[in-house]
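Heads up: the structure comes next, in structure tokens.
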Amino acid sequence: MTFMLMLVRQTRHRAKHMQFSMGIRNYSGLLGRRLRRLVGVVLVTAIASLSLASSLSAKNAIRKVNKEAQEQYERLFVLANTEFTLLHEIAHVIIWEKNPPIFGREEDAADTIAVMAQMMLPADPKAGGEIRKLQAVADGWKLEWQLVQEDDLENAYWDLHSLEIQRYYNIACLVYGADPENRTDIVTAAQLPTDRAEWCHEEYALAKRAMDWLMTKLTDSPVGAFTSQHANVTVSYARNTTLEGEKLDTWLRESGIAERLAEALMRRFDLPRDIEISFESCPFPNAAWDVKTAKIQFCHALLNRFLYLARELSRERNESADNSVWKAAAHTTTSGKPGNSSTINARSPR
Ligand SMILES: [Zn+2]
0 MTFMLMLVRQ
10 TRHRAKHMQF
20 SMGIRNYSGL
30 LGRRLRRLVG
40 VVLVTAIASL
50 SLASSLSAKN
60 AIRKVNKEAQ
70 EQYERLFVLA
80 NTEFTLLHEI
90 AHVIIWEKNP
100 PIFGREEDAA
110 DTIAVMAQMM
120 LPADPKAGGE
130 IRKLQAVADG
140 WKLEWQLVQE
150 DDLENAYWDL
160 HSLEIQRYYN
170 IACLVYGADP
180 ENRTDIVTAA
190 QLPTDRAEWC
200 HEEYALAKRA
210 MDWLMTKLTD
220 SPVGAFTSQH
230 ANVTVSYARN
240 TTLEGEKLDT
250 WLRESGIAER
260 LAEALMRRFD
270 LPRDIEISFE
280 SCPFPNAAWD
290 VKTAKIQFCH
300 ALLNRFLYLA
310 RELSRERNES
320 ADNSVWKAAA
330 HTTTSGKPGN
340 SSTINARSPR
């Protein structure tokens, strides 16, 4: 600022001198040459100060745009992962409360239901649509896996859940398998090995058949046919006192994600009892369905974890070319997807 002020002052001083000198130019050739030199200096100084100012304001503008884009990505990442997690937990609710036949592990089934439901939910095309959302979820798992490796933690092969990196590939495979013709770019961007990729269409078809069954056989009434006999699904928010909790809370409430999913669950399924979705403070970054209390507990710390992962991923992407973004051909079809809206829900101990 001080430097800018000096330049402005200098320019003003020389401009004053120039006005005076111009008056005597006709009397002396020498004075005229000096004056021309002086005019040149003034012009160069003025241009330099103008270009410095414009370069500074351009840098500020770029910084502002970058900051806005960064915040936009963080919001998308946090909300996409929150939606997936809620869908995974709602899947547990349906499995426990409606007893559909499940082959394989419940946690894998809940993940598949969550991915399929997230593909059915409306997504903002300006924000990259469903693919961007699902990539955010998959990337979250991949980064969690990388962090486990970096910290040399135990790989939980024995766990109820698939390993984080398997959850990543399962999501990538279903997203690609939903429309392989138009989503070939995803195979490269997601680093999906050919041995897996060539079966993704079949994996998706199997998941879709199960999902269609769930959405027709297990729902007891058409969408919107709400009656007072239905159990209630309520959403509650405790004050988020974590660092940046206020911002996270605002994003969450403004999005209306929890309320929309609660309503879909309530309207589509004849649940035997009331269910609560509770965003609250708890010691670990986790979400879980508690059968005893009929409550989905979503910890504030998990929202903070999502924000942390989003920032780590942004840093990674800025360092490398953005060739890891999943893209689909513009004419990707959405036909063949079951109706609008949905149900199901998302993950538990992360
Ligand atoms: Zn779970």
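Its first residue numbered 0, the sequence shown is counted upward by one per residue in numbering that gives the first Met the number 0.
Positions of the beta carbon are idealized from the N, C-alpha and C atoms, including for glycine.
Local conformation of residue i per DSSP, three classes
i: residue 293; result: coil
i: residue 313; result: helix
i: residue 153; result: coil
i: residue 101; result: coil
i: residue 140; result: helix
i: residue 95; result: helix
i: residue 360; result: Residue 360 lies beyond the residue range present for the chain, which begins at 0 and ends at 349; the question has no answer from this structure.
i: residue 73; result: helix
i: residue 83; result: helix
i: residue 350; result: With the chain covering 0 to 349 only, the question about residue 350 has no answer from this structure.
i: residue 327; result: coil
i: residue 122; result: coil
i: residue 57; result: helix
i: residue 287; result: strand
i: residue 174; result: helix
heavy atom of ligand 2 below 7 Å from residue i C-beta
i: residue 109; result: No copy of ligand 2 appears in this structure; the ligands present are ligand 1.
Beta-carbon spacing of residue i, residue j below 8 Å
i: residue 138; j: residue 251; result: no
i: residue 115; j: residue 210; result: yes
i: residue 135; j: residue 80; result: yes
i: residue 99; j: residue 173; result: no
i: residue 96; j: residue 284; result: no
i: residue 88; j: residue 295; result: yes
i: residue 75; j: residue 166; result: no
i: residue 309; j: residue 92; result: no
i: residue 237; j: residue 279; result: yes
i: residue 119; j: residue 133; result: no
i: residue 82; j: residue 160; result: no
i: residue 258; j: residue 234; result: yes
For this session: Give, in chain order, every unbroken run of the alpha helix (DSSP H) that is at least 4 residues long and sits entirely within the segment 194–274.
Result: Unbroken alpha helix (DSSP H) stretches of 4 residues or longer found wholly inside the segment 194–274: 199–216, 244–254 and 256–267, given in chain order.
Problem set entry | Three or more C-beta pairs below 8 Å linking the segment 181–192 and the segment 202–209 | At 8 Å Cβ cutoff, the stretches do not touch.
Exercise. Counting Cβ pairs, one atom from each stretch, are 3 or more of them under 8 Å apart for the segment 294–308 and the segment 236–254?
Worked result: Taking 8 Å as the limit for Cβ pairs, the verdict is that the segment 236–254 does touch the segment 294–308.
For this session: Kindly confirm or deny that the segment 191–202 and the segment 139–148 touch, where touching means at least three C-beta pairs closer than 8 Å.
Result: The segment 191–202 vs the segment 139–148: no contact.
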